[in-house]
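Per full-length UniProt numbering, the very first residue in the sequence shown carries number 1; after that it's consecutive. No residue lacks a Cβ here, since even glycine has one placed at the ideal position from N, Cα and C. Note that this is a predicted model, so its numbers are computed, not measured.
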Amino acid sequence: MSKIEPTLAAPMAPSKIDFAAVLARQSERDARIAALRPANKERLFDGLTAAGITHVTVSFDGYGDSGQVESIAAYAGDAEVTFPKTQIAYAALTWDDPEVEMRALSLEDVVEQLAYDLLSDTHGGWENNDGAYGEFCFDASARCIHLEFNERFTSSELTTHDF
């Protein structure tokens, strides 16, 4: 009789990572970031209004695990205008520091940062696989941000026949 060796590797040892603690820390961090957003929006809308900008559009597109903002345009009424060089305070958290960091960013940079943050919050992974595209409208007079989001997906339809 011959001895047969097992072909499967021994099972892995149980993970020593406390996933509940990891998720709790991430949840707390997400809540802290969300708490910073209203003041960041207020400072942005104040800066846009002071610059005479009525609204800003941000177009984005992504697929195949890559996505980016395609364009950012500022308007005064129906006329496209150039962003001023004005900088405003933007509150942010970094991965390695629990303290809030105040950054001086241009109005255009704050618009872009908020667009990426809101995309991540509402449609995480928007740039993956077939991806998505759309447009934000930052309406300074209404002090709101509107998102039109188009998700791409591959579809298949099965039809069977018995004859």
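query: For a test of the three-state rule: what should DSSP assign to G47, helix, strand or coil?; result: helix
query: Let's see if you can read the secondary structure: which residues bound the beta strand (DSSP E) around A74?; result: 66-76
query: Rank E151, D109, A89, P38 by C-alpha distance to the C-alpha of A74 and give the top, closest one.; result: D109
query: Rounded to a whole number of angstroms, what is the C-alpha to C-alpha distance between A48 and G77?; result: First, the residue type needs correcting, since residue 48 is Leu and not Ala in the sequence shown. Distance between the alpha carbons of L48 and G77: 12 Å.
query: Quick test of the definition: if touching needs 3 or more C-beta pairs under 8 Å, does the segment 48-58 touch the segment 4-23?; result: no
query: Return the chain-ordered ranges of every beta strand (DSSP E) run that is complete within the UniProt domain "DUF6878" (36-163) and spans a minimum of 3 residues.; result: 55-63, 66-76, 79-81, 87-94, 97-106, 132-139, 144-151
query: My assumption, with CB atoms under 8 Å, is that S59 sits in contact with E127. Please give the rounded CB distance.; result: That pair is no contact at about 14 Å.
query: Assess contact between the segment 129-137 and the segment 150-160, defined as three or more Cβ pairs (one per stretch) separated by less than 8 Å. Is contact present?; result: yes
query: Could you round the C-beta distance between F83 and L114 to whole angstroms and report it? I think they count as a contact, below 8 Å.; result: Not confirmed; about 14 Å, so no contact.
query: Is the Cβ-Cβ distance between I72 and L44 less than 8 Å?; result: no
query: Measure the CB-CB distance between A36 and V81 and report whether it falls below 8 Å.; result: In the sequence as presented, Ala is not what sits at residue 36; that position holds Leu. No, the pair does not count as a contact, with Cβ atoms beyond the cut-off.
query: Considering Cα atoms alone, identify which of A92, A9, E28, D97 is closest to R117.; result: For the record, residue 117 in the displayed sequence is Asp; it is not Arg. That would be A92, whose Cα lies nearest to the Cα of D117.
query: Who are the near neighbours of L158 in its chain, counting only those whose CB is closer than 8 Å to its CB and skipping five residues on each side?; result: none
query: Under a Cβ-count criterion, where at least 16 other Cβ atoms within 10 Å of its own Cβ denotes burial, should L8 be classed as buried or exposed?; result: exposed
query: Cα separation between E112 and T86?; result: 15 Å
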